[in-house]
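So the sequence shown is numbered by the working numbering: it starts at 392 and just counts up by one. Glycine included, each C-beta is placed from N, C-alpha and C at the ideal position. A short write-up of the structure that comes next.
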Amino acid sequence: MGVRVPPSALIKIKINLKIKKTKINSTESNINLILEKEDYINQFESKLKDLKRKANLKGFRPGMVPIQLLKNLYGKGVLLEEINKIVSERINNYIKESKIKIIGEPKAEKNEIEKLNINSLSDFVFDFKVGHLSHFKIESFKKSQKFVLHTIKVDKKTIDETIDNLKTQYADVNNLKEVTSKSSVYCEISFDEKSKKGLLDLEKLDKVERKKIIGKKSNESILINLKKLSKNKVDSLSQIVGENIELNKFPDKVSIKIENIIERTPAKINQSFFDKIFGVGKIKSKKEFESEIKKSIEFNYLKET
């Protein structure tokens with residue numbers, strides 16, 4: 392009675408014979424795989440027989456479609472699926488057994504699968520490039536070692552720019568009676584027998600068309616070309632009406648009823664502004680404020696250093 396070799400052992404023997412790794416550099420290697428006809432032909436023929444039992448083609452009784460016809464119609468797809476399974480399994484097993492610490496996935500560089508002739512099958516050669524961790528050793532730090540901690544100087548320009556950004560971020564919001572060129576206008580937009588709530592940020596819109604709105608007051612209605620106002624930008628127009636818009640199907644004129652007018656002005660440097668940034672009562676003067684801003688920037692620079 393002969394010794395039965397487990398299937399996993401057979402796979403391992405074949406892999407060792409048909410796969411080899413060639414080093415390209417310290418972090419890249421090439422894996423070459425030769426897939427012989429005997430490796431896939433049984434699975435392929437078994438799949439075709441299974442397909443024959445299930446096939447239902449016009450002119451043939453169920454289960455009676457000739458194998459050769461099925462091979463011509465579906466054989467290439469069936470074979471490619473089986474080959475992909477086998478190659479994927481063998482490459483992954485090889486990487487695991489060889490203990491290659493790969494980065495990402497193996498990248499197919501070259502294969503002969505495009506030369507596949509379903510009626511004249513042979514061996515196939517595959518090449519994969521893999522990225523992997525290089526070997527390195529972390530040396531212990533010594534107390535005698537010294538490192539330079541670089542200090543990044545915070546200049547006045549950086550402080551001023553930071554304060555300007557904060558003034559915009561914490562801008563004051565004022566309700567207005569009539570529209571200006573800097574207004575944000577909340578309105579009801581009517582088109583195609585429906586109404587939508589919209590917001591017009593006039594500073595960002597067309598300077599000529601927005602003149603039709605400037606000077607108008609709450610509850611006033613006007614006709615306006617929203618496409619022109621949004622500079623014929625689909626994204627801008629869609630944002631205004633709150634839905635995806637097709638520019639060529641959108642009407643040239645729509646009715647707008649103004650509901651509310653606000654204007655954002657950069658925050659003033661005062662106690663209220665200091666309290667919003669650093670907490671109530673912690674900063675009491677512009678000098679202290681600039682000093683704290685500088686410290687904050689220095690702290691961020693230190694982390695980056």
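- A contact is defined here as three or more CB-CB pairs under 8 Å, and the region 635 to 653 meets this definition with respect to the region 598 to 615.
- The closest CA to that of Y561, considering only K443, V539, F669, is found on F669.
- Runs of beta strand (DSSP E) with 3 or more residues, each lying fully within the region 588 to 616, are found at 612 to 615, listed in chain order.
- Taking 9 Å as the cut-off, the Cβ atoms of N421 and D514 do not count as close.
- Classified as exposed, L448 has fewer than 16 neighbouring CB atoms from the shown chains inside 10 Å of its CB.
- With a cut-off of 8 Å on Cβ pairs, the region 553 to 569 is in contact with the region 653 to 664, counting three or more such pairs.
- Taking a cut-off of 8 Å on C-beta distances, the region 457 to 465 does not touch the region 475 to 492, as fewer than three cross pairs fall below it.
- With a cutoff of 9 Å on beta-carbon distance, L638 and K622 are scored as not near each other.
- Within the same chain, and ignoring the five residues on either side of A446 in sequence, the residues whose Cβ sits closer than 8 Å to its Cβ are P453, G454, V456, L461.
- Beta-bridge annotation (DSSP): K558 is not paired with any residue.
- Non-local C-beta neighbours of K440 in its own chain, meaning closer than 8 Å and more than five positions away in sequence, comprise I458, ordered along the chain.
- Non-local C-beta neighbours of H541 in its own chain, meaning closer than 6 Å and more than five positions away in sequence, comprise T696, ordered along the chain.
- With fewer than 16 other Cβ atoms inside 10 Å of its own Cβ, G672 counts as exposed.
- In the DSSP assignment, T656 is bridged to D563.
- Its chain contains N421 as the residues whose beta carbon lies nearer than 6 Å to that of T413, once the 5 sequence neighbours on both sides are disregarded; these appear in chain order.
- In this structure, V570 places its C-beta atom within 9 Å of the C-beta atom of L593.
- Around the Cβ of I494, a 10 Å sphere holds fewer than 16 other Cβ atoms; the residue is exposed.
- Here V469 is buried: its Cβ has 16 or more other Cβ atoms, across all protein chains shown, within 10 Å.
- Under the DSSP definition of a beta bridge, G522 partners with E419, I494.
- Taking 8 Å as the upper bound for CB-CB distance, I652 and S609 are in contact here, some 6 Å apart.
- Around the beta carbon of E500, fewer than 16 other beta carbons sit within 10 angstroms, so the residue counts as exposed.
- Sorting N566, F538, E683, L424 by C-alpha distance to the C-alpha of I486 places L424 at the top.
- Residue burial annotation: P497 is buried, with at least 16 other C-beta atoms found within 10 angstroms of its C-beta.
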